[in-house]
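If you use the numbering used here, the sequence shown corresponds to residues 4 to 230, in order.
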Amino acid sequence: MPRARSGSCRRWRRRASPCATVVALGSFRRDDAGFHRGPHEFEVRLDVLKLNIPNFITIARVMSVPVIFWLLVTGETRTAFFVFVAAGASDALDGYLAKRFSWQTELGAILDPMADKLLLVSLFIALGVAKELPLWLVIAVVSRDILIVLAVMVSWVMSQPVAIKPLVISKINTLFQIVLVATVLADAAFGLGLGMVRSALVWITGTLTLLSLAAYLRGWFTHMTGS
């Protein structure tokens with residue numbers, strides 16, 4: 004049998020030679036010019052994977068946004084409702100996993116609220132296109148978020164960065180937005196006859212949206228003027 008050339012190894016042939024590849028449970032070795040992997044490295048990789056499980060769930064929620072949008076504008080309201088419920092469940096799941104097992108990451112802290120906001124705003128736009136929500140409310144909801152983002156950008160440009168923290172009124176507003184979207188989707192999907200409830204929620208949500216915008220802008224002006 005011909006011998007291997009000096010200084011080389013055949014990767015797929017296990018031989019008792021100094022440069023052979025030794026395969027053992029949890030340990031891989033190469034020649035002196037290579038590297039050694041031990042059980043610790045695989046444990047680290049497993050820990051990294053676990054940390055990112057909530058992030059993977061969040062990314063899946065982001066990917067559901069165009070699906071729900073398309074379902075709504077094409078009239079598939081019942082399917083859109085169930086996808087929305089799944090997206091909401093995924094939000095609760097990734098939050099539970101992150102807190103229960105301490106799998107919080109900086110990426111997740113940024114990605115999760117962005118995914119929630121993207122889903123909610125997209126739903127308002129889609130429901131507006133489908134004529135399930137009044138146009139003025141859709142404009143109010145979208146404009147609020149745009150104005151807040153612009154205010155933050157202006158503060159950075161003027162070297163006076165402002166930290167946007169969730170206000171109580173903002174949390175209440177978000178809650179009513181979610182309740183409104185869920186109610187409209189359920190009513191459109193199953194014909195529950197919730198016309199009066201929907202109308203009440205529309206006006207409450209619109210009022211809270213304007214109040215939360217006013218609260219944020221007031222804080223922004225106070226920060227920028229130093230008063």
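For each residue, glycine too, the CB sits at the ideal point set by N, CA and C.
Please read these numbers as outputs of a predicted model, since none were measured by experiment.
A straight-line Cα-Cα distance of about 26 angstroms links Val160 and Thr212. In the structure shown, Glu79 adopts coil according to DSSP, grouped into three states. Contact between the segment 104-112 and the segment 190-197 is absent: fewer than 3 CB-CB pairs across the two stretches fall below 8 angstroms. In the structure shown, Gln180 falls within a helical segment according to DSSP collapsed to helix, strand and coil. Under the three-pair Cβ rule at 8 angstroms, the segment 86-101 does not count as touching the segment 138-151. Your pair Ile71 and Ala129 checks out as a contact, with CB atoms roughly 7 angstroms apart and the cut at 8 angstroms.
For Trp223, the enclosing alpha helix (DSSP H) begins and ends at Gly198 to Thr228. Contact between the segment 56-63 and the segment 72-82 is not established, with fewer than three Cβ pairs separated by less than 8 angstroms. Residue state for Val165 is assigned as coil, using DSSP reduced to three classes. When secondary structure is reduced to three states using DSSP, Trp139 falls in the helix class. Here the C-alpha atom of Arg201 lies approximately 28 angstroms from the C-alpha atom of Met66. With distances taken between CA atoms, Thr82 lies nearest to Ala191 out of Gly111, Ala191, Leu178 and Met156. Tyr219 and Ile151 have their C-alpha atoms roughly 7 angstroms apart.
Listed in chain order, the non-local C-beta contacts of Val124 below 7 angstroms within the same chain comprise Val144, Val145 and Asp148, local neighbours out to five positions each way being set aside. The Cβ neighbour count for Thr80, taken over all protein chains shown within 10 Å, is at least 16; the residue is labelled buried.
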